[in-house]
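Numbering (our numbering), first residue to last: 318 to 531. Even glycine gets a Cβ: it sits at the ideal position worked out from N, Cα and C. Below is one structure, written out as structure tokens; the observations come after it.
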Ligand code: AMP
């Protein structure tokens, strides 16, 4: 069976950071729909051109674009034993796609990283990412050693366009309207675990590894 972990939670709850740690621990690739979309936007692919406007406004990119990107990526050979999903699914239709494609051959578990809106706005407006390797920083809690420079690869640190406050608020609104109802869907399916996303990274990882033994 493929080991499939779905990380749910509002934008900025720590899905990328937590997913990255779990990916190293379990040796499963971390697949972030947001990262895959940004890569397409940067490379100016046809999909990227279609996705760009939605992303800048913090709106959901149409399913046909995201689903095709995720289907393609999760069928690559490094996903043979499973994968960790960050940012996908974000609505019921996307959740059904995962069930249809992987329901039989996958052991699907869900972790919900919970965090309050005010916490999210504070965290995301201080977030900086490396434009080269994608490493994530926080100006106060995880500052880089040198201002504006990635510790890991020396790349330039930037603020994502959609990490500006008005866009963050829109992303949160969409999260509550469209994505949060998925919590009920996964809670009812079982293998669903809620973790405090406002806790420290080590604590979160300890809690998840206590629950899921992969
Ligand atoms: P993220 O990096 O997960 O915060 O995603 C950044 C942006 O990419 C979102 O605000 C959406 O515009 C788009 N996006 C990422 N994942 C999805 C998805 N599963 N469905 C639709 N849009 C998505």
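- With 16 or more other Cβ atoms from the protein chains shown falling within 10 Å of its own Cβ, residue 411 counts as buried.
- In the three-state reduction of the DSSP assignment, residue 357 falls in the helix class.
- The segment 478–494 makes contact with the segment 432–442, as at least three CB pairs between them are under 8 Å.
- Proximity of the beta carbon of residue 514 to the ligand AMP is not indicated: no heavy atom of the ligand is located closer than 7 Å.
- Here residue 500 is actually not in contact with residue 405; their C-beta atoms are around 15 Å apart, not less than 8 Å.
- The shortest C-alpha to C-alpha distance from residue 497 to any of 320, 322, 327, 318 is the one to 327.
- A distance below 7 Å between beta-carbons, with the five flanking residues on each side excluded, links residue 337 to the following residues of its chain, in chain order: 347.
- Remark: fewer than three beta-carbon pairs, one from each stretch, lie closer than 8 Å, so the segment 417–434 and the segment 444–457 are not flagged as touching.
- Distance between residue 366 and residue 325, taken at the CA atoms: about 26 Å.
- In the three-state reduction of the DSSP assignment, residue 529 falls in the coil class.
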